[in-house]
Amino acid sequence: AGHGTSACLITKTDTNPFFVKMREGAEAAAEAAGITLRSYAGKVDGDHETQVAAIETCIADGASGILITASDTSSIVGAVTQARDAGLLVIALDTPLDPIDAADATFATDNFLAGELIGQWAAATLGDEAPNARIAMLDLAVSQPTVGVLRDQGFLQGFGIDLGDPNKWGDETDPRIVGNDVTAGNEEGGRKAMENLLAVDPSINVVYTINEPAAAGAYEALKSFGREDDVLIVSVDGGCPGVQNVADGVIGATSQQYPLLMASKGIEAIVAYAADGTLPENTPGKNFFDTGVALVTDQPADGVESISVAEGTDLCWG
Amino acid sequence: MEPILKARGLVKRYGKVTALDHCDFDLYPGEILAVIGDNGAGKSSLIKAISGAVVPDEGEVELEGRKVRFTSPTDARKEGIETVYQTLAMSPALSIADNMFMGRELRKPGFRGKWLRQLDRPRMEKMARDKLTELGLMTIQNINQAVETLSGGQRQGVAVARAAAFGSKVIILDEPTAALGVKESRRVLELILDVRARGIPIILISHNMPHVFEVADRIHVHRLGKRLCVIDPKDYTMSDAVAFMTGAKDAPTQ
Amino acid sequence: MEPILKARGLVKRYGKVTALDHCDFDLYPGEILAVIGDNGAGKSSLIKAISGAVVPDEGEVELEGRKVRFTSPTDARKEGIETVYQTLAMSPALSIADNMFMGRELRKPGFRGKWLRQLDRPRMEKMARDKLTELGLMTIQNINQAVETLSGGQRQGVAVARAAAFGSKVIILDEPTAALGVKESRRVLELILDVRARGIPIILISHNMPHVFEVADRIHVHRLGKRLCVIDPKDYTMSDAVAFMTGAKDAPTQ
Amino acid sequence: MSGDADNFEAAVKAKGAEAVAEFKDTRKGVLATVQHALHVNPALVPLFVLVASIIGFGLLLGSKFFSPFALTLILQQVQIVGIVAAAQSLVILTAGIDLSVGAILVLSSVVMGQFTFRYGIPVEIAVAFGLMTGMICGYINGWLVAVMKLPPFIVTLGMWQIVLAATFLYSANETIRAQEIEANAPLLQLFATKFQVGGAVFTVGVVFMVLLMLVLAYVLKQTAWGRHVYAVGDDPEAAQLSGVNVRRTLISVYVLSGLICGFAGWAMIGRIGSVSPTSGQLANIESITAVVIGGISLFGGRGSILGALFGALIVGVFTLGLRLAGADAQWTYLLIGVLIIAAVAVDQWIRKVSA
Amino acid sequence: MSGDADNFEAAVKAKGAEAVAEFKDTRKGVLATVQHALHVNPALVPLFVLVASIIGFGLLLGSKFFSPFALTLILQQVQIVGIVAAAQSLVILTAGIDLSVGAILVLSSVVMGQFTFRYGIPVEIAVAFGLMTGMICGYINGWLVAVMKLPPFIVTLGMWQIVLAATFLYSANETIRAQEIEANAPLLQLFATKFQVGGAVFTVGVVFMVLLMLVLAYVLKQTAWGRHVYAVGDDPEAAQLSGVNVRRTLISVYVLSGLICGFAGWAMIGRIGSVSPTSGQLANIESITAVVIGGISLFGGRGSILGALFGALIVGVFTLGLRLAGADAQWTYLLIGVLIIAAVAVDQWIRKVSA
Ligand SMILES: Nc1ncnc2c1ncn2[C@@H]1O[C@H](COP(=O)(O)OP(=O)(O)OP(=O)(O)O)[C@@H](O)[C@H]1O
Ligand SMILES: Nc1ncnc2c1ncn2[C@@H]1O[C@H](COP(=O)(O)OP(=O)(O)OP(=O)(O)O)[C@@H](O)[C@H]1O
Ligand SMILES: O[C@@H]1[C@H](O)[C@H](O)CO[C@H]1O
Ligand SMILES: [Mg+2]
Ligand SMILES: [Mg+2]
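Chains as they are written, first to last, in the numbering used here: chain A, 1 to 318; chain B, 1001 to 1254; chain C, 2001 to 2254; chain D, 3001 to 3355; chain E, 4001 to 4355.
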C-alpha cells in the first residue's frame, strides 16, 4: 500500500443496489488500504461506450488497477488490453470477460450456477407437479445481455428443461414455458411483464425473475389477481431487501451473491500488485476466483443445498 | 394643447441597421395622425416602440404627460392603447373569435364563469360576428374558422375589428387596408372616422395617399428613421407629401 | 387568338368552404390581365390552382393549347410560369440573395461549379442587388440580410423582383404592391409594363383600382368563387367595376 | 377627399343594404357528416384508431382479449404513461417538450417515501412534499424556458440528468418495500385501491387518469388560460403582441406539468407497491409517443389532450394484444414499432380525407 | 391613367436620379467587430464556449488535462457521437429529428460483421453492404416523412424499435470478438488506425469525423442542395412554392443521414474492436444534445453544422474533465446536466449581446 496508489471501479450502472454495495465494499477496502478510489458507471445496463471511456480515463489518470463489471464482455476486451499494456492490473468482477483470460483475474459469482440453484429448488418444491408446471420467465431486456441469459438458462437447466441454444433465451420448445417477457430489472417492468403473461395463461404457477426488484413487481401483479399465494417466485441477487422478501413470502427462494466481497478482494489484489507486482490466484479447479453463491430460503428442498433466511440476512451482500 | 402621446429621441438598432434614429413623435387628443414614408423608413419600428412591442434603445415616451415605459404590448393595452401590427399578430390555428378576444376573454356570468372560469363562447362569437359585419367582411362563413384558413384580406379585417372594439385611449393601425378590397377599405376608413367621432385619437400608417389625405388631420412624414416634418393635408398636396418622403423635395421648415 | 393560359370549370373546396366554384379563366398572349374581387372571393385560390400550388378538385388547365396538370409550383416554373404569392413564399432565415435564387441557384464556372457544385455567390448577390435597385428598393442595406429582418414592403419587393427576373412565359402577381410605398408601387407598375413590352403576359391581382385601370388590358371580375365577367377598362369606369365585384350591379352579359 | 375624377369608391359607400355573400355547400349525407365531425373534433381520429384496433384484436383473439379483464388490465398498464402524457401534452402544446417527466415522477415518489420512512413525517404531509417537489422542478424548468429563453429540449434534458442523479444520491438507491408501506403508510398506495364493476377492475389510479384528462380537456377548451396555452404554442410572438402574458403562461404550464408528474409518482407507488428509484425510466419516450400518436403537433398549438389518452391506450392495446396473439418479446418490440408508424399513418390519412 | 386630380404619383415617376438612402452605422471598435463576427457566424458561439471550458479545466487540472494525450483522448471519445451528430444535424436542419440513428449505426455494424463472418463475403463488400443498409433505413425514414407526410419523431421512433429488434433477431445477440476481426478482417477496424503527431494520438475515426463535418459545412453553405435543406427546414411550404423539390430534398437528407450512420457503425467497430449488437444505445440522445448545444434550432432551418461538432466536444470536455477532477458517476451526471443548461445559456446570452 502506498501513497499515491489509485484504483478504478467501473460498474455497469450505479443505480442498481447490487453495484451500490459493490462500490461500498471497494470504498471501505480502499480506505483501509489508504489508496484513492475512482468509481465510474454506465448510464444504463449495456452502456458499453461509457465503460470504454472510463478505462481510458483511468489510464490517463495513472491508476494502478481497474475493477470492472463489463456490460459487453467481449467488446470491452480491446480497451482492457490497452489498459494492461499500459501496466494496469485489470480484474473482472461479477461478470467474466470473453475470453475469461482477457483480464488478469476474475472475482465472480457463477451466474449460470445461481440460476441452476433456483431451478432445482423450484422443481424439487413442486415435486410431482413439476411435469405440469406453468412457467413464466421474466428476463432482463430484449438485447439479451449475458447475465440474463446465463441465469435464465441456468434456471431452465436446473428445472430440467431442454435449453436449445444455451446462448439465447426464448428458443425453448418445452410446453411448460408460458412465455418470456422483459422487465428492465425493475419493479415496474416486473409487474407489467407478469400481467402480460398472466393474460396469456392465468394458470401460471412458477415465476423465474432476473432479479429481486422484478420479483417484487411480479408479486404485485399476482396480488392484484389474488394469485400471490399459489405461485412460486424465484430470483437472483440476495440483496437485503430481497432476502427480506423471502422472509415475507414474496419470493420463494433466491440465489445470493456477494458483491461486497468481490470488490474488497479486488482492491486487496490491486494493492498487492501495486506493492510488488503479485498477481491474484484463482479458486483451485476453476479459471476464476469464485466468491460463491448460496440459495436462500426457509423452505429447503431435498437435494438442494440452501441457507436460511436468517443466515442470508447476516450475509446479505456482505 | 398637450399631446396625448409624445415621444422624444427614440433610437432602435438592429445589429448594423438603425431603424429609429432619434425620432420624435406627437399625437394630439381626438386627431387622426397619418404616418407616411418609404418602405423601410422605420414606421413600423416607431409604432412598435410606442406600443411596447419593442423596447427602444434610447429615448422616452409620455402618455398624457406621464412618462411611461412599456416593456410588452400588454402594458400598453392596459393603458388603453390598441395596435394592429403589420404582421397582424394572430394565432393561425385558433378561431376568429378566439383571436379577437385573446387576452381579454369574456367569462360566463354566475357560478360557471366565476368558479369554473368558463368562457362565454356564444357571447364572444356574437360580438365577433357583429364587428366583422360592421366592416363589411361578409364572406366569412364561420366565426369558428381557424384564422389560417382566411384570405389575406379577411385576416386583416379581423385584426382591425379587434383593435376598434377594444381601443379606449389610442388606436394604432399599421397599414390596416393593405390587403383589403375596395369595399372593405372603405369600411375601415369609415370606422376610423367613427372612432375619432368617439373622441379617440388614431395613428394611421398607410401608403395610400388618397386615403391619407381624405381622413388625416395631420401627417407625420417619416424618412430614414426620423420624423422629417409634420404637414397639414389642407396646406399641401399629395405630390408634395410624396416628394418630401422620397427626398425629392426638401422638407418645409416649421 | 388562342389564350396562352386557359382554365375551365375549376373547383376547389376547403372543408365546407368552396373557394372556387366552376371557375373559368383566360389569359391571352402579351396582355396584362387584372383580376379583381372582394376579399375572400377566391382570387388567390384561382391563381394557386393555375400555378400548381394547389391541385384543383375538378376542372382543367391548358397552357398554349396543351392540357397541363401541375402538381407543384416547380412544374409550373419549369413551364416558365412565375408567381408571386400573397404570402410571398420566402424562407425567413435565409438571405435576400438566397431567396431570390432559391431553386435555380447559379454555380461557379469551371471545376468549382461543375465538380464541387459551388454556388457563385458574388454573381447572385450582384444580380439580386441590381433587381432591387431597379425597383427602387434602396433602403436595403445588406443583400445578405435575412429576409425576416426586412420591413413588410421590402419583403414584398424582393418577391416581385424574383418573379420579374425569372418569368419567361407568364408572370402572376398576387397583390404585389399591397405593402409597397408610393415610389416602390410605381416601380412595380413600370416593371409590369416593361415585362409586357418584352411580350410576356401578366396576371395582376390587385385591390388598387387606379393601378388596375392604368395598366390592365382586360379585367377579370371575380365573385363568389367564379368569374363574373371580363370587362375592358376602356368601356367601363372604376365605379362600374367596383359595383360588379361587390354585387351592387348586375354583370354585363357578354 | 381624395381627388378621384372617377369617384369609384362611392359605389361602396352606401352600406347596410348588402346581404351576406354565401358560397354553396355542396356536400351532403352521412359521409359528409362524419368528415365534418372529424374535422371539427380531431381527437376523434385517434379514438377511431383505438376502437378499430380493439375490434381488430377482439376479432383475432376472441374473448381472451375482448373481456372486461383484459380491457381493464390495459387501463391499469397505461395509467402511469397516461398521467404523464397529460403533463407532456400541456408542455408540447406550448411547442416545448419535457424530457424530465420521468425523473420528476421518480423524485416525487422517493420524496414521499423517504420523508415518511426516513424522517417519520406523517404520510399526508410527506405526500404534499412530494407533490411540491414536482412543482418546484416544474417551476425551474418553466423559469429557464420562459425567462431565460432557453430551448425546452435542453432545459429538460439537463433537468432530467440533474433530477435523476439527485434522486439516486438522495435515496442511496434504496427501495422501500411494498410490505413495509402497506403496514405503515398505506396512503402511499392509495392509487392502487380497487373496485369492481362487473368483471372489470378499476383502480383509483385509472379513475384519476381519466378524470385528469377530462378536466384538462375542459380547461384547455373552455377557459382563457387554455386558449393562451394554445396561442403561446402556435406563435409566441403573436400571442405576446395580442396581449397574452407569455412568460406567465409558460411558467404555469411547466409548474402544472411538474405537479402532474408528482401525482404520477404517487400513482407509481400504488402500481408497483414499493418506492423504487429505478422506476419511470421510459416515461419520457412513452409519454411523448402517446402524445404524438394522439395527434398533438410537436410544433405546438395544435391537437387535443384527449388524443394523448387515446394515444397511450393505442400503445397499450397493441402491446397486450400482440403478447396475447403469441408474439415473443423481441417480435412484440419490433411490431410495436411498425404499429406506431401505422397508427399515425392512419391518423394522417383520416385527417386528409376529412379535411 | 388613374384619374387623380392631384397626380401625386408623378412625383416619383422620374427614376434613376436617386441615391441609395443610407442609415448611419454608429457602432465602432473591437467589441463591435467581435459582435459582428459572432452575428455573421453563429457557430463561433459554441466554439467560444468550448475554448472557455478547455481553459477552465486546464486551469483546474493542470497538465493532467491540458496534455496532448488527454485532449486527443477527448477527440477519440466523441468521434462516434460527433459522426452521428453530423447525421442528426442534417435531419434537424430540416425541422426533423432522427431517433433511429443509434439503431441504424448498430445494424450497419452488425451487417458488416455478420456478412464477413457468417457468410464469408469479402470484407470490402460486407462493408459496402453495411453502408447500404444504413442508406436503406434512411430511405425508408425519408419516404415516410416526405411522401407519407408522417411526423419525423414518430417515424424514427418506430424505426428505432424496428431496427433494434431486427438487429437482435438477426445477430442472435452474438458479439464478434475483436481478436477474430483483427485476425481475419482488419478492414473492419480501419477507423481505429492510429498515428501520432507529437504526443497527440489521432485515429482515422477522428480524422473522418472532422473531415465529414468540414465537407458537410461546405456543402450546406456553398451548394444549392445545402440552401434547399435550410429552406425546407425554415418553411417547407414557402420552399415548395419557391421551387424547391421538398420531397426530394427531404429524402436525400434522410438517406445521407442513414449513410453517415453506416459510417458511424464502421467507426464503432474500430472504436470498440468488436461487433456488438448492444452498442450505440445512447447515440440518439447524445447526438441530439450535441446538436442543440451547438446552436442548431430544433425547429429547423437555423444553425451551423460545425456547431454540432463543437457541441459534441463540449460534452466530451466536461465528461473527461469532471472524471479527472474526481467526481463520481452520479455527481458527474448531475454536473453535466447543469453544464448542458449553462452552455446553452451562455450561448443564448452571447447571441443576444451580438444581435
Ligand atoms: N427584427 C429586425 N432585425 C433587423 N432589422 C430590422 C428588424 N426589424 C426591422 N428592421 C430594419 O429596420 C428598418 C425599418 O423597418 P420598419 O419595419 O420599421 O420599416 P417601415 O417603415 O415599417 O417599412 P414598410 O413600409 O415596408 O412596412 C428596415 O431597414 C428593416 O430592414
Ligand atoms: N387553406 C384553406 N383552408 C380553408 N379555407 C380556405 C383556405 N384557403 C382559402 N380558404 C377560403 O377560401 C376562400 C377564398 O380565399 P382566397 O384566399 O382565394 O380569397 P382572395 O380572393 O384571394 O381574397 P383576398 O383578396 O383577401 O386575398 C376564403 O373564404 C377563404 O377563407
Ligand atoms: O449480477 C448483477 C446484478 O445481479 C444485477 O441485478 C444485474 O447485473 C448483474 O451483473
Ligand atoms: Mg412597416
Ligand atoms: Mg388573396
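The beta-carbon is built from N, C-alpha and C at its ideal position, and this holds for glycine as well.
Note that this is a predicted model, so its numbers are computed, not measured.
F4299 (chain E) at chain B interface by Cβ criterion, 8 Å: no
Euclidean distance between Cα positions of L324 (chain A) and G190 (chain A): Residue 324 (chain A) lies beyond the range of chain A shown here (1 to 318); nothing can be said about it.
V1039 (chain B) CB to nearest heavy atom of ligand 1 below 7 Å: Sequence check: residue 1039 (chain B) is Asn here, not Val. The answer is yes for N1039 (chain B).
Option in C:G2157, C:M2238, C:I2036 and C:V2221 with minimal Cα separation from V2230 (chain C): C:V2221
Distance between D104 (chain A) and A275 (chain A) (C-alpha atoms, nearest Å): 16 Å
The region 3097-3108 of chain D touching the region 3260-3269 of chain D, judged by at least three CB pairs closer than 8 Å: yes
Local conformation of R1223 (chain B) per DSSP, three classes: strand
Within-8 Å CB hit, G1009 (chain B) to chain C: no
Proximal chain A residues relative to P4277 (chain E), where beta-carbon distance stays under 7 Å: S143
Residue from A:Q144, A:C8, A:E24 and A:V304 whose Cα sits closest to the Cα of T4278 (chain E): A:Q144
Bridge partner(s) assigned by DSSP for R38 (chain A): A:C8
Closer than 7 Å: Q4330 (chain E) CB and nearest ligand 5 heavy atom: no
Distance between T4033 (chain E) and E4124 (chain E) (C-alpha atoms, nearest Å): 51 Å
Residues that V90 (chain A) bridges to, as DSSP identifies them: A:I66
7 Å CB neighbourhood of V4163 (chain E) in its chain, flanking five on each side removed: S4100, A4103, I4104, L4107 and C4137
contact_flag[the region 4111-4127 of chain E, the region 4287-4294 of chain E] where n(CB pairs < 8 Å) is 3 or more: no
Test: S1206 (chain B) CB closer than 8 Å to a CB of chain E: no
Distance between beta carbons of A3165 (chain D) and Q4330 (chain E), contact taken as under 8 Å: 5 Å
Any C-beta of chain E under 8 Å from that of D2235 (chain C): no
Coil, strand or helix - C2023 (chain C) by DSSP: strand
DSSP three-state assignment for T2071 (chain C), whether helix, strand or coil: coil
CB contact check: A3010 (chain D) to chain C, cutoff 8 Å: yes
Partner residues on chain A for R3323 (chain D), Cβ-Cβ distance less than 8 Å: G179, D181, N196, L197, A199 and V200
Euclidean distance between Cα positions of L232 (chain A) and G252 (chain A): 6 Å
Sufficient close CB pairs (3 or more, under 8 Å) joining the region 166-184 of chain A to the region 127-139 of chain A: yes
Positions along the region 3223-3235 of chain D whose CB lies within less than 8 Å of some CB in chain B: T3223, A3224, W3225, R3227, H3228, Y3230, A3231, D3234 and D3235
Nearest residue (CA-CA) to M2245 (chain C), options C:D2026, C:V2017 and C:K2043: C:K2043
Exposure label - L3031 (chain D); buried when at least 16 CB within 10 Å: exposed
Cβ-based neighbour list, L4216 (chain E), same chain, cut-off 8 Å, excluding 5 preceding and 5 following: A4086, S4089, L4090 and I4305
C-beta neighbour in chain B for N4007 (chain E), strict 8 Å: yes
Residue of A:N287, A:A26, A:T106 and A:N186 minimising C-alpha distance to S235 (chain A): A:N186
Test item: CB-CB of V4317 (chain E) and F4069 (chain E) under 8 Å: no
Supposed close pair I1011 (chain B), L1020 (chain B) - CB separation, criterion 8 Å: Strictly speaking, residue 1011 (chain B) in this sequence is Val, with Ile absent from that position. 6 Å between Cβ atoms; contact.
Pair within 8 Å by beta-carbon distance, F112 (chain A) and G154 (chain A): yes
Rounded straight-line distance, which links the Cα of L3093 (chain D) to that of V3255 (chain D): 14 Å
Contact set, ligand 5 heavy atom to C-beta under 7 Å: B:S1151, B:G1152, B:G1153, C:K2043, C:S2044, C:Q2086, C:D2174, C:E2175 and C:I2205
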